[in-house]
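J.: Questions regarding the structure given below will be posed in turn.
Residue numbers (this note's numbering): 258 to 482.
Below you can see the structure in the form of structure tokens.
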């Protein structure tokens, strides 16, 4: 599942998504982690607006003794569960959003040596990741990203990938009935995804030692069969 991503620049988001700023916000982090604030695009009175929300729906867990713990962020939602657990939000278009994403990251390699690999839409500054949002008592407005099965050629990186929406599909996601948006439960073609491995250790962000294999993969760009 996706636990960090780059949202891209505010002006690019505003232009690409043809969205007005709902209010003034700070820029936000360059790399978004769960519980960080970041941009989403949603509908407000039928028009697209840029809003800033916390990444992750607050979810409560308890210890074995039944003691409640602090809420933790649920930042991914499986698309095949939109008509189950997530239905209370997914069936209402007003609770859907687009998550502007320049690239997302996955941890690749053996435990203790995992390195960061970035994936993006080849040749595009960013894409729309399908999302859900709601208001919460704990963190205010918050959102989660919808995930689907990865193309088989990307499965060695992770078996799940963000639901990537093409520009002509944005309005369907934002407006259509729940049965209609289930068409996005699909594998996005690996031929359109750029894969950029790095030597950055997933946990610390430091460079992996040269004598460790880590999770480095060959660079992949689109239009490869």
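In this text, a Cβ means the ideal position worked out from N, Cα and C, and glycines have one as well.
A quick note: this is a predicted structure, and the numbers were derived from the prediction, not measured.
(1) According to DSSP, is residue 376 helix, strand or coil?
(2) To the nearest angstrom, report how far apart residue 378 and residue 323 are at their CA atoms.
(3) From which residue to which residue does the alpha helix (DSSP H) around residue 316 run?
(4) Quick one: is residue 344 buried, meaning 16 or more other Cβ sit within 10 Å of its Cβ, or exposed?
(5) Buried or exposed: residue 368, going by 16 or more other Cβ atoms within 10 Å of its Cβ?
(6) Could you tell me if residue 440 is buried or exposed, where buried requires 16 or more neighbouring beta carbons within 10 angstroms of its beta carbon?
(7) Got a sec: is the Cβ-Cβ distance from residue 457 to anything in chain B below 8 Å?
(8) Leaving out five residues before and five after residue 372 in sequence, what residues of the same chain have Cβ atoms less than 8 Å from its Cβ?
(9) Helix, strand or coil for residue 268, going by three-state DSSP, please let me know.
(10) Hey, how far is the Cα of residue 442 from the Cα of residue 336?
(11) With DSSP as the reference, label residue 406 as helix, strand or coil.
(12) Would you check if the distance between the CB atom of residue 279 and the CB atom of residue 306 is smaller than 8 Å?
(13) How many whole angstroms separate the CB atoms of residue 384 and residue 418, which I take to be in contact at a CB cut-off of 8 Å?
T.: On the basis of the coordinates in this document:
(1) Looking at residue 376 - three-state DSSP - the assignment turns out to be strand.
(2) So the two alpha carbons sit approximately 44 Å from each other.
(3) Here residue 316 belongs to no alpha helix (DSSP H); instead the beta strand (DSSP E) covers 314-316.
(4) Counting C-beta atoms within 10 angstroms of its own C-beta, residue 344 has fewer than 16 neighbours from the protein chains shown and is therefore classed as exposed.
(5) By the neighbour-count criterion, in which 16 or more other beta carbons inside 10 Å mark a residue as buried, residue 368 falls on the exposed side.
(6) Under this definition residue 440 is an exposed residue.
(7) Absent from the structure: chain B. Only one protein chain is present.
(8) Setting aside the 5 residues that flank it on each side, residue 372 is surrounded in the same chain by 364, 365, 366, 454, 455, 456, 457, 458, 459, 465, 471, 472 and 473, each with a C-beta closer than 8 Å to its C-beta; the list follows chain order.
(9) Correct three-state label for residue 268: helix.
(10) Each residue's alpha carbon lies about 6 Å from the other.
(11) Strand.
(12) Between residue 279 and residue 306, the C-beta gap is smaller than 8 Å, which places the two residues in contact.
(13) Rounded, the Cβ-Cβ distance is 11 Å, inconsistent with contact.
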